[in-house]
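Notes follow the structure.
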Amino acid sequence: MQVNHPIISADSHIAEAPNTYTDYIDPQWRDVAPHVVETEDKGDVYVIDGMKRTINMGLIAAAGQAPEDLKPNAKWEELPRSGWDSDYRLADQNRDGVSAEVIYPSVGMVLCNHPDADYKKAAMDAYNRWISDYCSVDLNRLLAIGQTPLRSVEEGIAQLEAMKNAGLRGVMMPGDPATDFDYDDPRWDPFWQTAIELEFPLSWHILTAKGSGRPRG
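In structure tokens:
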């Protein structure tokens with residue numbers, strides 16, 4: 002069958018490179034930035050200060066692999082390089098006949114549940130800088146989705162504008178904002194209005210809420 006229209010992956014994911022946070026985070030957070038640790042039983046994992054859960058990168062960077070071929074204890078150098086190298090990703094797109102990808106965070110999903118809103122802000126800012134660089138090689142085919150912890154309405158508005166100006170194409174909202182009022186509160190109305198005016202899509206993703214049972218990530 003011949004396909005005569007663009008094929009766009011609307012929910013692709015990145016494998017955050019080992020230097021995503023350590024190199025791109027503000028200096029005052031560098032000592033506690035999310036980072037990769039080599040373990041004997043789980044391979045290379047991401048460790049996030051303040052969270053017990055580690056993130057097994059062998060199960061994150063697994064594109065194109067059959068379930069039986071997954072390497073949950075893989076080392077970084079064994080993983081598909083397109084997960085964090087944009088040149089390899091574009092080559093994979095060409096091979097698969099994909100015109101473009103909307104690219105979501107992976108480690109960033111877990112970060113949404115971090116208890117410290119200031120830490121989240123620092124880590125998410127670092128991610129936004131890194132993914133902006135990653136996608137800069139072809140902004141028409143690598144469509145970055147950014148992050149924000151939403152510590153306040155005013156800061157959220159400023160972050161939408163900053164992400165838009167940085168070339169990001171949308172934002173993955175945290176399942177729970179870092180405010181003492183939820184998304185249905187009218188105080189968020191200026192935020193929604195700004196997203197409309199900027200034509201900047203908002204999205205929610207699984208694994209980004211604290212298991213409250215509410216209909217969201």
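My numbering puts the first residue of the sequence shown at 2, with every later residue one more than the last. Beta carbons are placed, not taken as given, at the ideal position from N, Cα and C, and that holds for glycine. From a predicted model like this one, the values you see are computed outputs, not experimental measurements.
Check: Looking only at its own chain, which residues have a Cβ that is under 8 angstroms from the Cβ of Ile197, when we skip the five neighbours before and after it?
Finding: For the purposes of this step, residue 197 is taken as the residue at position 196 of the sequence shown. There are no such residues.
Next item on the list: Starting from the C-beta of Gln248, find all residues in its chain whose C-beta is less than 7 angstroms away, skip the five residues before and the five after it, and write them out in chain order.
Entry: The structure shown does not extend to residue 248, since the chain is modelled only from 2 through 218, so no value can be given for it.
Margin query: I'd like the span of the alpha helix (DSSP H) that includes Leu126, first residue to last.
Written below: Mapped onto the sequence shown, residue 126 falls at position 125. Reading the sequence as shown, one finds Asp at residue 126 and not Leu. Asp126 -> alpha helix (DSSP H) spans Ala118 to Cys136.
Notebook entry, point to check: Leaving out five residues before and five after Glu39 in sequence, what residues of the same chain have Cβ atoms less than 6 angstroms from its Cβ?
Noted result: Locating residue 39 in the sequence shown gives position 38, where the first residue counts as 1. Asp45, listed in sequence order.
Checklist line | Top-ranked residue by Cα proximity to Gly168, from Ser83, Gln3, Trp131 and Phe182 | finding: As a first step, residue 168 must be located in the sequence shown, where it is residue number 167. Answer by Cα proximity: Trp131.
Checklist line | Range covered by the beta strand (DSSP E) that runs through Met164 | finding: For the purposes of this step, residue 164 is taken as the residue at position 163 of the sequence shown. No beta strand (DSSP E) contains Met164, which is instead part of the alpha helix (DSSP H) from Val154 to Asn166.
Notebook entry, point to check: Nearest to Trp205 by CA position, among Asp181, Pro150 and Lys165, is which residue?
Noted result: Working through the sequence shown from its first residue, we reach residue 205 at position 204. Of Asp181, Pro150 and Lys165, the residue nearest in Cα terms is Pro150.
Note to self: Check this for me: beta carbons of Glu17 and Trp77, under 8 angstroms apart or not?
What the structure shows: What you label residue 17 is simply residue 16 of the sequence shown in a count that begins at 1. What you label residue 77 is simply residue 76 of the sequence shown in a count that begins at 1. Not a contact, by the Cβ cut-off of 8 angstroms.
Item checked: Buried versus exposed call for Pro68 [16 or more other C-beta atoms within 10 Å across all chains shown] -> If you number the sequence shown from 1, residue 68 lands on position 67. Under this definition Pro68 is an exposed residue.
Checklist line | Lys121 burial status per 10 Å Cβ neighbour count (16 or more: buried) | finding: As a working note, residue 121 is residue 120 in the sequence shown. Under this definition Lys121 is a buried residue.
Next item on the list: In the DSSP assignment, find the alpha helix (DSSP H) that holds Gly109 and state where it starts and stops.
Entry: Sequence index remark: in the sequence shown, residue 109 carries index 108 (1-based). First-last of the alpha helix (DSSP H) with Gly109: Val108 to Leu112.
Check: Using the C-alpha atoms, what's the distance from Gly176 back to Leu144?
Finding: In the sequence shown, residue 144 corresponds to position 143, counting from 1. In the sequence shown, residue 176 corresponds to position 175, counting from 1. Distance between the alpha carbons of Leu144 and Gly176: 21 angstroms.
Checklist line | Integer-rounded CB distance, given that Val111 should sit under 8 angstroms from Ile56 | finding: Here the question's residue 56 lines up with position 55 in the sequence shown. Here the question's residue 111 lines up with position 110 in the sequence shown. Confirmed, about 6 angstroms.
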